[in-house]
Each structure stands twice: as structure tokens, then as C-alpha cells.
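Report on the following structure.
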Amino acid sequence: MMLTELTIAAAQGGLRRREFSATELVGAHVAAIERLNGRLNAFITVTSDLALDAARRADAILAGGEDAPALTGIPLGIKDLFCTDGVRTTAASRMLEDFVPPYESTVTANLLADGAVFVGKTNLDEFAMGSANITSAFGSVENPWKRAGDEATVLVPGGSSGGSAAAVAARLAMGATGTDTGGSIRQPASYCGIAGIKPTYGRCSRWGTIAFASSLDQAGPMARTVEDCAILLQSMAGFDVRDSTSVDIAVPDYRAACGRSLKGMKVGIPAEYRVAGMPAEVEAAWEQGIAWLRDAGCEIVEVSLPYTKYGLATYYIVAPAECSSNLARYDGVRFGRRVPGESLDALYEATRREGFGAEVRRRILMGTYVLSAGYYDAYYLRAQKVRNLIRKDFENAFRTVDVLLTPTAPSPAFAQGEKMDDPVQMYLNDVFTVPASMAGVPAMSVPAGLSAFGLPLGLQVIGRSFDEESVFAAASALERAAGFTHRPAVRAEVV
Amino acid sequence: MSLDPATVRRIARLARIGIDESDLPALQRELNGILGWIEQLNEVDIDGVEPMVGTGHAALRMREDVVTDGGVRDAVLSNAPDAAGPYYTVPKVVE
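Heads up: the protein sequence lines correspond to chains A and B, in order. Residue numbering for the first sequence follows our numbering, starting at 44 and increasing by one per position. Residue numbering for the second sequence follows our numbering, starting at -11 and increasing by one per position.
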């Protein structure tokens, strides 16, 4: 049995039936990381010894009987934005190169309490700012997929959770945590041929997750199946008094929702997502998804979300504004990098120049400008108002439909080096994912098929606030219809 | 609205990010590119629209006024780039 090919759901059963041990399961993934991480650079920090110790403890618990927590012995990658007690947490920034948190984030603490084993901290765009995982201070991540007949060209895994997506796609971990501010779970999931969900804002605690844009940041799972995402979100989600935006509402049975019938479900197709210049293969995948959902018993409804086209521009005011405020804490005094200076201001300026990469500096400067005296109303306040209009678009649509279906990204994965000259061109990768982030509603990417060059294309299901269940149900139906069994060229058993 | 070099310098100063004169042309070009692109929001009619400051699902909560955390000085100081005993250090700010 190829242990690295199992789903989490299958491994849960196999571990309990003692068909293999947690030590074997974790060991297979640790060995795969040792073989492939030098090439893919999916992990910034590999924690093999800690993982194997945890696996041995998991085996002791599993030997004790039926009461083992749900994720006992399941090897996961953790985006290096979640603080992990005693394990270096960098946010892929030079600023936090040597930062070792003395505490555990709520999301990772929930996973650990359920028995999960962490095999390492996954690479990302610096402070989660990027769409291609090329802004990491620890080097870019290679997408394990290759264009057909072109082994040489290195493709990006998407971003910012690109390391998590690459690790899961290449079978270096069974699942991973991601965070999504404007598409950072869904877009890399689409580029790497896996599933990933950004739950409703407030569903997962943000406590202990390094902040980028606090009104948008939301943690979520990435895995190779929709059901595995449901299993992971079940553990990650839940009310937390330490996050004032955490919502005190019961977490339903997500796994059960995956098997729900779609009969009578109304699926909205937003006209505004048919953007000019969309590649025909992306449009074709979308049409195929519509047909699959119709066949599953859904009623397809054309809907309009007229403010969609302002989503990205709004995002690139709101997110940098919040980032400039959140990242003010990196001052070289209390933690993180320090570059000495003659005066306190000189110390700040030298530290922040050297500690932050170009994209992070650019966003801090943009955010500082839109919040500065005289420009606040023209930019930031206006953007907050447009954001409200974008949210109302979704509220209006969800009066008549249960979920929305769109493409996840306007293209399949592109090559390293493409789209790098102009920040705005890079930002356009998030055109379909940003609006749901602005509204705070849950959204999931699921692999739907392959492009002409053999690269994965994802479809996005967007749901009402706190109705992840309908999202899981629709995404599961798409997954069953797609029968996506393609695997990337670079993966654990192919070296 | 277009940023001149003096404005870029002023923003960098506000953000406490050191920049060299040689950085200015590229920064000015990139920031102006982004600003030019977000100007499209000016065409949106926002009369009477409330600003959205959050999703509004979480209610602010009251709790007992008791200590729930703390007493972990050494853990707090464990990542200080430079500490002297129980203190963070900074360059001299008062002559």
C-alpha cells in the first residue's frame, strides 16, 4: 500500500484497523519530504523528529482502543503563519527569521488536541502577501505539476498558501492549513489540483495567526478531497474568546454535509464573472460544472453581482491599509529582526527596510498613504463603502440562490518569471476570489479538470455566511462528477 | 492623483521604512500604477452607503474583570533581539 496516496478519511480507518501504524504513515511522509523538499521548497522548516515522536505517541493511543481523537496520527503541513509553540514561525520573512513563538495558535492547538501530527511549516508569500509564492524570503515554491511535454518550465503553485498546496499535491502531507485574505487558499488549491476552503469570516479563530489584514484573514484547510477538507475544518473551527471577531455559533457536522443530496438546490451563475479575455478552457470548465450540478438535481439561476468588478481595487486599498497597521509592530525592539541605528527612528527605519521584502514594503507604503491625513476619505473610507456594496451583492443573490458557482482563477498555473513586472498584473490572479473575501462568505475551490496543457483548473463554490454545509455538498457533487484522479508529475512515489 | 518623489519620501518616513534615493523612481512608478488602477472606484456612487468595518456577525462580549493570562515575563522576552535583564533595550532617546 502506498501510504502517501491515502486520503485522510481512508487513513483514519486504516490506522484504527491497525493495517498500518501512525509511525509508518508519518514516516512515509517524512521520507517523501526528505526526498522532494530540496526541489519543491514547500516547507520552510521540517520537523521530522518531532513528527516521528508524535507518531509514536499516536500509536500508543491507537493501541488503547476506539477512543483515539479523529486526527490521531494524521500528518499535516502547517502554513508558517500559524504560531507553533517552540517551533520557529517565520511568515516567510527575514523579519521573523529566528522567531520562536512561546505559544500555540488556536487553530493549530485544536488540530493537536485532535491528535494531528505536524510534519513541518509550509512556505508562503511573505506575510501572506502574494499570488505566486515568489515573495518568500526563503525562496519560491515549485508547483509539482508540469505542462504536458515540458518538464523544464517551473510553474508557480499560486499564493499565498503555495507551500501548503504544493506539499499536499506532491503527497508530502495528507492535508495542510492555509490562510485566505483575498484568495490565498482557493487560488493555490486551484493551481495545484487540490481542494481548499475559506470558511466564513469568524468561523476559525485568528488568535496566534500572524496578522495581514484582520478584517479579511481567515484560516482554512487544504487537502486532496472535499471530505478531507471537511474533516480538517471540523477540528480547526470553533468559537474562541481570544479572538473578538470569532463568532459563537455551533460547528455543524461538515463531513455529513458532503453526502447531502443537491435536489432542489439553487445554484447562481453570476454574469459578472464572465470577464473579457477569459481563456476558453476556463469558461469550458465552468460550463461543465454547471452541467454537472444540473445533473445532480440543482436548479441553475442566472444572477447579477454588479459590484464584482470593483472587488480587486477595493481589496487593494483595504488590505494594504490594514497591513500597514498590523505590521507596525515589527519595530526591531520586542521581537524579530533588529538592525542597529544611531537613534530609535534610525533603528526602526533600518530594521524595516532590511526585514521586509519589496512587496511587503510596497503594501505598507500604499496602506500608509491611503490612511494618511487628507487621503483617508478619498481612498480608505470610499473603499469601505464600496466593500459594503459588494457584500450587499452577495446578500441579494443569496435571497434567491443557495450557492454560487464560478471559476476559481482566470488561468491555470503560470510560469515563474511571468506576470512579475507589474504588481497590478499579479493582483489580477485574485479577481474571482477577492469578492467573497470582501463579503466574508465561505468559498471553496475544487479541482474540475485539466487545461489543454494538462494543468489543473478549479471551480469555486461560494455560500451564505456560516453555511459551509451547502458549500461542501455542492463541492462534493462537483468532485464526484469530475472524477479528478490526475496526479502531478512530481510526487512522493515518483522520484 | 499622482505621487511625486517628496510624497513617496514622506510616506516612507511615516511608515518608518528606510529608502534610498535610488529606490524612489521605481517606487514612485509602482505606487502610481496601483493608484491609477484603484481610481476606478471614483465612478461608484457611494451616496448614503455606510462604510463596512467588519462582517458584523461577532458581538462584542463583556467578561469578568479578572486576570486571565500573564506572569510569563521570560517567555515574552524570549524573542527580544536585545534585552537587559527584564527590560527591552532601545537607543538613547533622552539626552
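All residues carry an ideal CB built from backbone N, CA and C; glycine is no exception.
inquiry  = Taking 8 Å as the threshold (beta carbon to beta carbon), is K428(A) in contact with chain B?
reply    = For K428(A), the closest Cβ of chain B is nearer than 8 Å.
task = Would you list, in chain order, the members of the region 89 to 108 of chain A that have their beta-carbon closer than 7 Å to a beta-carbon of chain B?
result = Residues: none.
inquiry  = Quick check: is the beta carbon of D70(B) nearer than 8 Å to any beta carbon in chain A?
reply    = Yes, contact with chain A.
request  = Assign M469(A) to one of two classes, buried (16 or more other C-beta atoms within 10 Å of its C-beta) or exposed (fewer than that).
outcome  = M469(A) should be labelled buried.
ask   = chain B partners of R434(A), CB-CB under 7 Å?
value = Those within 7 Å of R434(A) in chain B are M40.
ask   = Under 8 Å between C-beta atoms, does F378(A) make it to chain B?
value = F378(A) counts as touching chain B.
ask   = Do we get a CB-CB distance below 8 Å when we pair N431(A) with the residues of chain B?
value = Yes, its Cβ sits closer than 8 Å to a Cβ of chain B.
query = Taking only beta-carbon atoms, is E392(A) less than 8 Å away from chain B?
reply = Using a CB distance cut-off of 8 Å, E392(A) counts as an interface residue toward chain B.
query = Is any beta-carbon of chain B found at less than 8 Å from that of V407(A)?
reply = Correcting the residue type first, residue 407(A) is Ile in the shown sequence and not Val. Interface residue, yes.
task = Consult DSSP for G263(A) and reduce its assignment to one of helix, strand or coil.
result = Of the three classes helix, strand and coil, the one that applies to G263(A) here is strand, per DSSP.
ask   = Looking at C-alpha atoms only, which residue of A421(A), E77(A), E522(A) is the closest neighbour of A210(A)?
value = Answer by Cα proximity: E77(A).
ask   = Nearest-angstrom Cα distance between S540(A) and G506(A)?
value = Here chain A covers residues 44 to 538 and nothing more, so residue 540(A) does not appear.
request  = Check the Cβ of S508(A) against every Cβ in chain B and list those closer than 8 Å, keeping chain order.
outcome  = Residues of chain B whose Cβ lies closer than 8 Å to the Cβ of S508(A) are, in chain order, T43, H45.
query = In the DSSP assignment, what are the bridge partners of I(-1)(B)?
reply = Paired residues: none, contrary to the question.
query = For D193(A), which of helix, strand or coil comes out of DSSP?
reply = Three-state result, D193(A): strand.
request  = Please state if the CB of G379(A) and the CB of F181(A) are separated by a distance shorter than 8 Å.
outcome  = The Cβ-Cβ distance between F181(A) and G379(A) does not fall below 8 Å.
query = Based on Cα-Cα distance, which residue from G460(A), Y350(A), G492(A), L448(A) lies nearest to Q28(B)?
reply = Measuring from the Cα of Q28(B), the nearest candidate turns out to be Y350(A).
query = Name the DSSP beta bridge partners of S543(A), please?
reply = Outside the modelled stretch of chain A, which goes from 44 to 538, sits residue 543(A), for which no answer is possible.
ask   = Any beta-carbon of chain B closer than 8 Å to the one on Y244(A)?
value = Flagged as an interface residue toward chain B: Y244(A), by a C-beta distance shorter than 8 Å.
inquiry  = Please classify D123(A) as buried or exposed, where buried requires at least 16 neighbouring CB atoms within 10 angstroms.
reply    = Answer is buried; the Cβ neighbour count reaches 16.
key: Residue environment, A232(A), which counts as buried when at least 16 other CB atoms sit within 10 Å   = Buried is the call here.
Within-8 Å CB hit, G59(B) to chain A = With 8 Å as the cut-off, G59(B) does not count as an interface residue toward chain A.
request  = Give me the Cβ distance between P32(B) and Y316(A), rounded to the nearest whole Å; I'm assuming they're in contact under 8 Å.
outcome  = It is Val, not Pro, that sits at residue 32(B) in the sequence shown. The pair is not a contact, with the Cβ atoms about 19 Å apart (cut-off 8 Å).
query = Taking Cβ-Cβ distances below 9 Å as the criterion, which residues of the region -7 to 8 of chain B are in contact with chain A?
reply = Those residues of the region -7 to 8 of chain B that come within reach of chain A (Cβ to Cβ, closer than 9 Å) are T(-5), V(-4), R(-2), I(-1), A0, R1, L2, A3, R4, I5, G6, I7, D8.
key: Distance between V41(B) and A212(A) (C-alpha atoms, nearest Å)   = About 36 Å.
ask   = Taking the alpha carbon of K462(A) as the point to measure from, which residue in V318(A), A520(A), A440(A), A175(A) has its own alpha carbon closest?
value = Looking from the CA of K462(A), the closest CA among V318(A), A520(A), A440(A), A175(A) belongs to A175(A).
ask   = Using CA coordinates, which residue listed in A516(A), V537(A), D473(A), V504(A) is at the minimum distance from S203(A)?
value = Minimum Cα distance to S203(A) is reached at D473(A).
request  = Could you list the residues in the region 449 to 480 of chain A with a C-beta less than 7 Å from some C-beta on chain B, going in chain order?
outcome  = Taken in chain order, the members of the region 449 to 480 of chain A whose beta-carbon sits within less than 7 Å of a beta-carbon on chain B are D465, P466, V467.
G56(A), DSSP secondary structure in three states = The answer is helix: DSSP assigns G56(A) an H, G or I state.
ask   = What residues in the region 438 to 449 of chain A have a beta carbon less than 9 Å from any beta carbon of chain B?
value = Answer set for the region 438 to 449 of chain A: empty.
query = For G384(A), which residues from the same chain have a beta carbon less than 6 Å from its beta carbon, with the 5 sequence-adjacent residues on both sides left out?
reply = These residues qualify, in order along the chain: L390, A393.
ask   = Which residues mark the beginning and the end of the beta strand (DSSP E) in which M279(A) is found?
value = For M279(A), there is no enclosing beta strand (DSSP E); the residue is found in the alpha helix (DSSP H) stretching over 269 to 279.
query = Taking Cβ positions only, does Y76(B) come closer than 8 Å to chain A?
reply = With 8 Å as the cut-off, Y76(B) counts as an interface residue toward chain A.
query = Should L48(B) be labelled buried (16 or more other beta-carbon atoms within 10 Å of its own) or exposed?
reply = Looking at its Cβ environment, which holds fewer than 16 other Cβ atoms inside 10 Å, L48(B) is exposed.
key: Nearest neighbour of P466(A), chosen from W335(A), E67(A), T66(A), R405(A) [CA to CA]   = Cα-wise, what sits closest to P466(A) is R405(A).
Own chain residues within Cβ distance below 7 Å of A216(A), not counting five before or after = Apart from sequence neighbours up to five positions away, the residues of its chain that approach A216(A) with a beta-carbon distance below 7 Å are H72, P118, L119, G120, V162, A210, ordered along the chain.
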